[in-house]
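Data block below; observations after.
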Amino acid sequence: MEIFEADVLIIGAGGAGLRAAIAATLADPSLTIALASKVLPMRSHTVAAEGGSAGVIQAHDSLENHFNDTVHGGDWLCEQDVVEYFVSQATPELIQLEHWGCPWSRKPDGEINVRAFGGMKIERTWFAADRSGFHILHTLFQTSTKYPQIKRFDEAFCLDLLVADGRAQGAVLLSPSTGAFTTILARSVILATGGAGRVFRQNTNGGIVTGDGMALAYRHGVPLRDMEFVQYHPTCMPGSGILFSEACRGEGGYLVNKDGYRYLQDYGLGPVTTTPRNKTMELGPRDRLSQAFWQEERKGRTLTTPNGESAVHLDLRHLGLAKLKERLPLIRGLAMEFMGIDPADTPIPVRPAVHYTMGGIITDIQTATPLAGLFAAGECSSVGIHGANRLGSNSLGELTVFGRVAGEQAVKFAKEAPAVVANKLVDQAKAAAAKAVALRDQKGGGERHSVLRKEMAATMERGCGIYRLGTEMQETCDKLAELKQRAKAITLDDHSDVWNTDWLAAIELGYQLDVAQAMAHSALERKESRGAHQRLDGFEKRDDDKYLAHSLAHYRGDGPPEISYGPVKITKSQPGTRAYGALGEQLEKDGTHA
Amino acid sequence: MPDPAKRELRILRYQPGVDAAPAFGTFWVENAENLSVLEALQSIKDTLDGSLAFRWSCRMAVCGSCGMMINGAPKLACSTLLRDLPPGPVTVEPLNNFPIERDLVISVGGFVKKIESIYPYIIPKEPRTIAQGPYLQTPAQLAAYESFSDCINCMLCYAACPQFGENPDFIGPGAMALLQRYNGDSRDAGRQKRLDAIHGEDGVWSCTAVGICSEVCPKSVDPANAVNQNKTNSAFDFFLRFLRKE
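Keeping their order, the protein sequence lines are chains A and B.
For reference, each letter of the first sequence is one residue, going 2 to 595 in the numbering used here.
For reference, each letter of the second sequence is one residue, going 141 to 386 in the numbering used here.
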């Protein structure tokens, strides 16, 4: 087995991983930074983010406003000291991206332009048309090529972390193109592997979003925090789940039911206005909008698409062709290519789909996990800014703010850490490789993993959807336990070495099942409704006495995870009524919250 | 009458060390009316033959993973719908002009090296600190390079380029578009360095102006325009040097 010695190893080369790599090499150019990704960096799922990245820039806005919007949006389950740091660093990071060439959209005078976004009081979302994540990712990737100290391992699949003496010291990688294994030894390790939305059926995520890093940290004893909070994005393509950006509504799009009625006014989001009004109607937060869809569906006021999905209409016609071409070209292209609809003259059928995992690998404000030497940043992590519901355009900022912190902290740790214990680690790597090979070669006419994946996605959608019931969540927990057993006996069609994607998908399924279990059990145990976790079985209210607390899922091997709770850091904002629309405005005026 | 819900896919298969040469395999896909080619391949992999190898991820024509030859033309499999293809069998092959690693998976390393070779990052005219804030860039200045920045690195243009087919060292349309993206950026001063990188025999002059790269581009990046602009720039640059030497 080939062995590569690095100072810092970063797993995942999307927005967070690339930002971490650049920060690490700038922090100490003498170090070797290994950057491994299971895909080419520009394929990472950051590429699919559309709407933009929040950072206070207008004179009449303030960091306090961004803080309050984020904490209210998260239903007070945020780490407030972390949110405070995040909002203070978001704009500097956006400026850094600008200096590196990110083609932010501009005002006529050449200044940065910003757009409105859901749950944000003032317009502060920087955007590059509706390809913001794409441009951030390509800017970071291209900028990273300036630094020869960043040694990339493109298309290298991570099988396991290497942990010795209570400290993360590397990882073992599998190269799909050769079937060969590589051990990376490093004095610190950053996980930047993204989310896990593919455990659900209808989702906006790319095929690679399988929770790999979450599962790896979890299996090594690091708790996954707040995993029950899974975001449904309200405007997605029925069937495939492909995303239609919140920017559609930021630019003024309407959501209407089958009768052409702007139904959000029935769910505490009014008053109705023709032009966008912040934190009102279509500019409400994602959890509330997805819940309103569910209610409309129950009332029989949704449409049915030809493929049998329920939908409402996203109406962009009044924006006009010129604005669609300038501000939402990707959205228009998706509607035209995939649905044969030009949004300039026809409303787009949309529905909620799983989009984002608010929870993840627990870290402190410096991105350190409880496992020494292991850091995490981006969607795979739970640094604490999103709480029970993430606001749109806070995740791209998270990638750069905490990607940078992770890079700097991992360098600091690496420089102080003793040398790696090579022999022990290489033995671990060999054992992990042998286990993977055993799965690949397993005989016995077992099931295909694709069957299990479909059952997993269906049970997650049923039990852990927009609204939840204890009985259904229990069924999902039971089903996942069954699937974990069945997964042990699968047989692959492909037993070869080169580009055996059958094999990779089987390993990913293992990661997904562990992450799904953490989600379902965390959801079952939270007997209240908060943010994206809404129950209909007697726990319809938020319960701050019992559940103003982070859930922590602890891995217990074959058994179900153990769920415990940790404190929430409240600094400036005491939990209050979370309201939008007219009531939200009234409460804010009264000083009842904010 | 053929069942419109069933489609035949003829897929080029190749497993190194096992197959002497690539050969077509035939699969029938059920309920195919509303499927993309990518979804048809996924259905085959999930239910008929798990060993079929292809790259994919985003499903929405932005990650650039799933380029392949569909009925002989370079396309993204995710945004090519079966119902938009003529009736009858659909042929699916790996992208032309690249070594096949397995089935529909081609080697991408050479392309990545080309991108890296043209200094694909801002070399600032006037370095700024974060405290100094963003550079000013008017919408017109943005428009000068914006379309070139939309390249998703899907490599369809390389599969279409006859010159790249003959000479794998040719810098090629995608990397030229990226070069023009930075050369056209008002914040950048790296133009000369990049032009030097494409003066050689594998550089911009290898292009024979077929223009098919722009035709196959799924993102209207117009790499042919980038190549032409750089021919002009490169010629101008060469001429200036000649004068300087005199």
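Don't be surprised by glycine CBs; every beta carbon is placed ideally from N, CA and C.
If you ignore the 5 residues before and after Thr231/B, its C-beta comes within less than 6 angstroms of the C-beta of Arg150 and Asn211, all in its own chain and listed in chain order. Residue pairing of Leu10/A in beta bridges, as defined by DSSP: Ala35/A and Val190/A.
The straight-line gap separating the alpha-carbon atoms of Ala458/A and Lys480/A is approximately 11 angstroms. Annotated three-state conformation of Met340/A is helix, per DSSP. For Ile363/A, the enclosing beta strand (DSSP E) stretches over residues Gly361 to Ile363. Per the C-alpha coordinates, the member of Arg226/A, Pro224/A, Leu225/A and Cys249/A positioned closest to His234/A is Cys249/A. Any Cβ of chain A closer than 7 angstroms to the Cβ of Cys203/B would place that residue at the interface, and such an atom is present. Gly408/A has its alpha-carbon roughly 36 angstroms from the corresponding atom of Glu462/A. For the stretch 154 to 180 of chain B, residues whose beta-carbon sits nearer than 9 angstroms to a beta-carbon of chain A comprise Gln155, Pro156, Gly157, Val158, Asn174, Ser176 and Glu179. Collapsing the DSSP output to three states places Ala271/B in a helix. Look at Gly212/B here: in three-state DSSP terms it is coil, with no helix or strand label. With 16 or more neighbouring CB atoms inside 10 Å of its own CB, Ala364/B falls in the buried class. Beyond the five residues adjoining it in sequence on each side, Gly204/B comes within less than 6 angstroms, by CB distance, of Ile292, Asn293 and Cys294 in the same chain, given in chain order. Contact residues of the stretch 129 to 150 of chain A toward chain B are Ala129, Ala130, Arg132, Gly134, Phe135, His136, His139, Thr140, Phe142, Gln143, Thr144, Ser145, Thr146 and Lys147 (C-beta to C-beta distance below 9 angstroms). DSSP places Asp559/A in no beta strand (DSSP E); its state is neither H nor E. It is roughly 26 angstroms from the alpha-carbon of Phe339/A to the alpha-carbon of Leu284/A. Residues of the stretch 87 to 103 of chain A with a C-beta atom less than 7 angstroms from some C-beta of chain B are Pro93, Ile96, Gln97, Glu99, His100, Trp101 and Gly102, listed in chain order. Ranking Tyr262/A, Gly214/A and Arg278/A by CA distance to the CA of Ala377/A puts Gly214/A first. With respect to Leu426/A, Leu163/A sits close: the two C-beta atoms are nearer than 7 angstroms. For the C-beta of Asn293/B, the chain A residues within less than 7 angstroms are, from N- to C-terminus, Met43. For Val356/B, the enclosing alpha helix (DSSP H) begins and ends at Ile352 to Val356.
One Cα belongs to Asp290/B, the other to Ile258/B, and the distance between them is close to 17 angstroms. Counting only the Cα atoms, Arg289/A lies some 12 angstroms from Glu297/A. If you check each beta-carbon in the stretch 333 to 363 of chain A against every beta-carbon of chain B, the ones closer than 8 angstroms belong to Gly334, Leu335, Glu338 and Phe339. Residue Ile467/A holds the alpha-carbon nearest to the alpha-carbon of Val355/A among Val273/A, Ile467/A, Lys152/A and Gly111/A.
According to DSSP, residue pairing for Trp127/A in a beta bridge involves Ser54/A and Val115/A. DSSP links Val355/A through a beta bridge to Asn204/A and Tyr233/A. In this structure, the straight-line span from the alpha carbon of Gly198/A to that of Glu148/B is close to 32 angstroms.
Its Cα nearest to that of Ile96/A, the residue Ser54/A stands out among Arg202/A, Asp544/A, Ser246/A and Ser54/A. CA-CA distance, Gln170/A to Thr269/B, rounds to 35 angstroms. Arg116/A is a Cβ neighbour of Gly251/A, given a cutoff of 7 angstroms. Using a C-beta cut-off of 8 angstroms, the stretch 485 to 503 of chain A makes contact with the stretch 150 to 167 of chain B, since at least three inter-stretch Cβ pairs fall below that distance.
Around the beta carbon of Gly539/A, a 10 Å sphere encloses fewer than 16 other beta carbons of the protein chains shown; the residue is thus reported as exposed. In the three-state reduction of the DSSP assignment, Ala197/A falls in the coil class. Per DSSP, reduced to three states, the secondary structure at Cys159/A is strand. Using a Cβ distance threshold of 7 angstroms, Leu216/B and Cys206/B count as a contacting pair.
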